[in-house]
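J.: The structure follows.
In the working numbering, the protein residues as written are 3 to 373.
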């Protein structure tokens, strides 16, 4: 909470015990989709006990507390999506990651809500193959959103996000009233090798391309209730004036949104001015890639809630919260983003199928900040 306002962060990634990497390594080394150790009847694995998960979740909560974040939507760690693996390994890995996300949400149900990792195959005819896992995550695990990588294999071979390849996923998300969180994943471009952590270049390029494809295509005419959030302010900024035909010349304010996960204040300010406050939702990725301490403030880059360097910072901060929870209908009180949530006067609780209870105090508030 900051200045009496509860903070919802739409950009977070699962924090799991280090031993989760062993499952991935063994599958890739043996080229075998081993049974998920987190599923009933799974083989007990050292380092994956409930206590191990709880410790990892607690560290995440502590980090959020230090940054005034009340609740966070958590999805996969994008650089660990591993969409370039052999295709028969990808479904097991996605299911395992989603189970890890679910455990973290159960450990702290008033602090975390889940977003799915999809078992995406770049070369598949379309996205029908991901729908089974998506429905499991929403209907059985209570997730409220899904991540989608514009190019999961990292080789720039995936159809653009405006193409029919994506239509089954869009139709299902519209049916389920859940948003898509667009986030780049691994990048295998040989030119990137000189750059440390070069998957970040994949994030930048693929997220910006997704913004252009979605804006220029007819996705939102075909799926008018679909909501999409592109991470990291949409990747890059536009260099053309907003009236220039190089940019989409249509109203995207009901469908296409951007988070604030940028750690350089000049970039963040420009992104908010370009995208508009009403299309900007708060996201920090804390804890993640923003742990570098900024000399001028003495705070880490992902400590975005108290940022004061932007013009009208206080009003913008209030509108971020309002956009996240009202325009996009995001509230931990509800089970789905885009569905009706509890009214301020209501006292009933919402339940997921596995009896995950959201506390009564997490409800959509009625305030209408003025900017």
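The C-beta atom is built at its ideal place from N, Cα and C for all residues, glycine as well.
#1: Would you mind stating whether residue 96 and residue 59 have Cβ atoms separated by less than 8 Å?
#2: What are the residues that DSSP puts in a beta bridge with residue 282?
#3: Can you give me the C-alpha to C-alpha distance between residue 218 and residue 113, rounded to a whole angstrom?
#4: Do you know whose CA, among 153, 257, 140, lies nearest residue 207's CA?
#5: Residue 31 lies in the alpha helix (DSSP H); which residues open and close that run?
#6: Distance, Cα to Cα, residue 198 vs residue 110?
#7: Pick helix, strand or coil for residue 346, following the three-state DSSP scheme.
#8: Helix, strand or coil: which one does DSSP assign to residue 74?
#9: DSSP puts residue 182 in a beta bridge; with which residues?
#10: Between which two residues does the alpha helix (DSSP H) containing residue 58 stretch?
#11: Which of the three DSSP states, helix, strand or coil, is assigned to residue 242?
#12: Taking Cβ positions, are residue 49 and residue 21 nearer each other than 8 Å?
#13: Under the rule that 16 or more other beta-carbon atoms within 10 Å means buried, what is residue 41, buried or exposed?
#14: Can you tell me the Cα-Cα spacing of residue 367 and residue 258, whole angstroms?
#15: Which stretch, first to last residue, makes up the alpha helix (DSSP H) that contains residue 104?
#16: Spatial neighbours of residue 276 within its chain, please: C-beta separation below 7 Å, excluding the five flanking residues on both sides.
#17: Does the distance from the CB of residue 119 to the CB of residue 160 come in under 8 Å?
#18: Straight-line CA distance for residue 202 to residue 52?
#19: Should residue 268 be labelled buried (16 or more other beta-carbon atoms within 10 Å of its own) or exposed?
#20: Beta strand (DSSP E) containing residue 306: first to last residue?
#21: The alpha helix (DSSP H) with residue 249 in it runs from where to where?
T.: The short version:
#1: no
#2: 260
#3: 37 Å
#4: 153
#5: 22-32
#6: 34 Å
#7: The pLDDT assigned to residue 346 is 23, lower than 50, so where the model puts this residue is not dependable, and the model offers no usable value.
#8: strand
#9: 148, 230
#10: 52-68
#11: coil
#12: yes
#13: exposed
#14: In this prediction, residue 367 has a pLDDT of 29, which is less than 50 and means its spatial position is unreliable; nothing more can be read from the coordinates.
#15: 92-109
#16: 239, 240
#17: no
#18: 32 Å
#19: exposed
#20: Residue 306 -> no beta strand (DSSP E), and no H or E assigned at all.
#21: It is not in any alpha helix (DSSP H) - residue 249 carries neither H nor E in the DSSP assignment.
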